[in-house]
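Just so you know, the sequences run in chain order A and B. Just so we're aligned: 131 in UniProt numbering is position 131 of the first sequence, and the numbers increase by one with no gaps anywhere. Just so we're aligned: 158 in UniProt numbering is position 158 of the second sequence, and the numbers increase by one with no gaps anywhere. For glycine and all other residues, C-beta sits at the position ideal for the given N, C-alpha and C. Read through the structure below, which is laid out as structure tokens, and then see the notes.
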Amino acid sequence: MSGPAVLPDPAGEGATPGAVRYPSHWRRPPLISDGRLRWAIYAGVLVYLVVGIGAVEVNWGRLSEGWERGLRFLGGFVEPDFISRWDDIRAGLIESLTMTLTATVVGVVISIPVGIGAARNIAPSPVYLACRALIALSRSLQEIIVAILFVAMVGFGPLAGFLTLAFATIGFLAKLLAEDIEDIDAAQVEAIRATGAGWWQVLDYGIRSQVTPRLIGLSLYRLDINFRESAVIGIVGAGGVGATLNTALDRYEYDSAAAILILIIAIVLVTEYVSGWVRARVQ
Amino acid sequence: MAIQQPPDGPIWRKRTTPQSLALWFGWLLLVLLFILAWEAMTRNQIWAFVWDAPEQAADLFGRMVPPRWSYMDQLWVPLWDTINIATLGTLLAIVLAVPVAFLAARNTTPSPLLVRPIAIFIIVASRSVNALIWALLLVAILGPGLLAGIIAIALRSIGFIGKLLYEAIEEIDTRQVEAIRATGAGPAQVLDFGIVPQIMPAFAGITLFRWDINIRESTVLGLVGAGGIGLQLKSSVDSLAWPQVTLIFIAILATVILSEWVSARVRAALI
Chain A
1 MSGPAVLPDP AGEGATPGAV RYPSHWRRPP LISDGRLRWA IYAGVLVYLV VGIGAVEVNW
61 GRLSEGWERG LRFLGGFVEP DFISRWDDIR AGLIESLTMT LTATVVGVVI SIPVGIGAAR
121 NIAPSPVYLA CRALIALSRS LQEIIVAILF VAMVGFGPLA GFLTLAFATI GFLAKLLAED
181 IEDIDAAQVE AIRATGAGWW QVLDYGIRSQ VTPRLIGLSL YRLDINFRES AVIGIVGAGG
241 VGATLNTALD RYEYDSAAAI LILIIAIVLV TEYVSGWVRA RVQ
Chain B
1 MAIQQPPDGP IWRKRTTPQS LALWFGWLLL VLLFILAWEA MTRNQIWAFV WDAPEQAADL
61 FGRMVPPRWS YMDQLWVPLW DTINIATLGT LLAIVLAVPV AFLAARNTTP SPLLVRPIAI
121 FIIVASRSVN ALIWALLLVA ILGPGLLAGI IAIALRSIGF IGKLLYEAIE EIDTRQVEAI
181 RATGAGPAQV LDFGIVPQIM PAFAGITLFR WDINIRESTV LGLVGAGGIG LQLKSSVDSL
241 AWPQVTLIFI AILATVILSE WVSARVRAAL I
């Protein structure tokens, strides 16, 4: 917005009166070009920060107490205690791992037809809308909230966790699969159809071969995510190692909690590494 | 007499025999693993609870509607807290993640052998622990309240923002950096004029994206005592006040949709 005449020449000298004055220094253009809007946004951010930070009540006495606890917790990481609660930890980890695997397999199996139904280029309109609605429902509800509902329906334990993770997998995988199917090379489908192939044959030879590598990659990625989530949903009673962690922290057993966290991080790293390696080979 | 002569060479097949055997074996392994996992998972399951799940679901639904609209009066403050947790947590995460990203990017790190692995480790450790677990730890250490929630969101977001930002830094156009350096600019000036303008759009996009996710995550942090609307959710679930739970779900859903709309608008305006 600033033309040459608006900017004052900082040097001043050599400017003949009446001539157009050009700036002698380059200044980078601001992110938001409208000056008034820019200052309004700065002021708004400042006001928000004052109000927002003011709303945070900090109990300094509790914090200084927390400092000592934090140090004890760090000490727990230096000397994690795997032994005294090992039975609980093992049971929790087995629940988490079995939940992860079964939920991923079932979720993938269900999300394939849903994903096909949610692809605009191959599904009829009513099926498309129904599948998209299912995907939107699954994506907008958070895992923890779904877990609360499933625990209320089928009771505490890994089955509720399994249902939660499978449901979340459908929203994630079916959406990405549907987008992948919508992006496929139409010429190949056309070619298969031109040979006189029926709907199933078009699906098998024209579409499946194009989306399989990505489907495998996404499934492995979801396996990864499901394990991370399985460590959390135990907090609301849906089984897994999260419940064990919650108990350990409630009892102030920081060394056991540190051991569980180390195991979670290690398993996440291993699954991430393995799934990344497989994905790189498949795609 | 045969009408078609078989070709001289081997007949074309998609996979060689060892390949198809390996594939078949892989599927067999997956099925076996699935059955084993299912067995282990459902060993202690009381199936009577599962068979009446449809009745339970119908019963639950009957108790959840209609939502108790009058409860909304008590939800405005927790909702405001939730938004504060997400926003202040994202701001704190930016402050912490930007230096980590510059230390982790191959082309800006001061030492690829010493500093880079540490920065990468910070990013990985932050990413592999869910915000709810961070909140669980921080509530145990700092006590319940908004502060634990803000720090939990920040700690989880460091990994996310740091990873995407350092990848953006590694992908910049080196010729612009070269050109700035050729004018005699020092390292800080190269950073300011050569690198930062190139990553600004990516940075804005990443931050908005993470803010959006953080709004979702902060709605449930209260389940472990870290402030926000999750506190009301937990007390309503624990006291089986299902009409209130429905209203909280509606409030959460509305907040999430609103935040998505805001971030989409801001993104469109900025980028």
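- No residue range can be given for F82(A), since it is assigned to no alpha helix (DSSP H) and is classified by DSSP as neither H nor E.
- When secondary structure is reduced to three states using DSSP, V236(A) falls in the helix class.
- Boundaries of the alpha helix (DSSP H) harbouring A58(B): 53 to 64, taken from the DSSP string.
- With contacts defined by Cβ atoms closer than 8 Å, V127(A) and G117(A) form a contacting pair.
- The C-alpha of A119(B) lies about 6 Å from the C-alpha of L103(B).
- Proximity of chain A to W38(B) at the Cβ level (cut-off 7 Å) is accounted for by T102, in chain order.
- In this structure, DSSP gives I144(A) a helical state, which the three-state scheme calls helix.
- A check of alpha carbon separations from P197(B) across T174(B), A182(B), I248(B) identifies T174(B) as the nearest.
- Between the stretch 238 to 245 of chain B and the stretch 58 to 70 of chain B there are three or more inter-stretch CB-CB distances shorter than 8 Å, so the stretches are counted as touching.
- Taking a contact to require three or more Cβ pairs closer than 8 Å, the stretch 247 to 264 of chain B and the stretch 209 to 227 of chain B qualify as touching.
- A straight-line Cα-Cα distance of about 49 Å links R216(B) and T16(B).
- DSSP places D180(A) inside the alpha helix (DSSP H), whose first and last residues are 158 to 182.
- Taking 8 Å as the cut-off, the Cβ atoms of F203(B) and L165(B) count as close.
- Under the three-state reduction of DSSP output, V20(A) falls in the coil class, being neither helix nor strand.
- Taking all protein chains in view, the Cβ of K14(B) is surrounded by fewer than 16 other Cβ atoms within 10 Å, so the residue is classified as exposed.
- Under the three-state reduction of DSSP, Y221(A) is assigned to helix.
- For L136(B), the nearest beta carbon of chain A is closer than 8 Å to its own beta carbon.
- Just measuring C-alpha positions, the residue of I260(A), L218(A), V109(A) sitting nearest W277(A) is L218(A).
- If the five residues before and after D224(A) are omitted, its C-beta is found closer than 7 Å to the C-beta atoms of T271, E272, S275, all from its own chain and listed in chain order.
- R15(B) sits in coil when the DSSP states are folded into three classes, being neither helix nor strand.
- G52(A) and N84(B) do touch by the CB rule: their CB atoms are close to 5 Å apart, below 8 Å.
- Pairing I181(A) with N121(A), the inter-Cα distance amounts to about 8 Å.
- Interface criterion not met: the Cβ of M72(B) is under 8 Å from no Cβ in chain A.
- Contact check between the stretch 136 to 153 of chain A and the stretch 167 to 178 of chain A: three or more CB pairs, one atom from each, fall below 8 Å, which counts as touching.
- Following the DSSP letters along the chain, one finds P67(B) in no alpha helix (DSSP H), marked with neither H nor E.
- Residues of the stretch 48 to 66 of chain B with a C-beta less than 7 Å from any C-beta of chain A: F49, V50, A53, Q56, A57, L60, listed in chain order.
- Here DSSP, grouped into helix, strand and coil, assigns V256(B) to helix.
- With a 10 Å radius around the Cβ and a threshold of 16 neighbouring Cβ atoms, E229(A) comes out buried.
- The three-state secondary structure of R127(B), taken from DSSP, is helix.
- In the same chain as F77(A), and ignoring 5 residues on each side of it, the C-beta atoms closer than 6 Å to its own belong to A258, in chain order.
- With its beta carbon at least 8 Å from every one in chain B, N226(A) lies outside the interface.
- In this structure, I206(B) keeps its C-beta atom at 8 Å or more from the C-beta atom of G194(B).
- Contact check for G228(B) against G159(B) fails: the beta carbons are separated by 8 Å or more.
- Shown in chain order are the members of the stretch 138 to 160 of chain A whose Cβ falls below 7 Å from a Cβ of chain B: S140, Q142, I144, I145, I148, A152, M153, V154, G155, G157, P158, L159.
- Using a Cβ-Cβ distance cut-off of 8 Å, the stretch 231 to 240 of chain A and the stretch 154 to 161 of chain A are in contact, since at least three pairs of beta carbons, one from each stretch, lie closer than that value.
- For R279(A) against L203(A), the beta-carbon gap comes to about 24 Å, at or over 8 Å, which does not count as contact.
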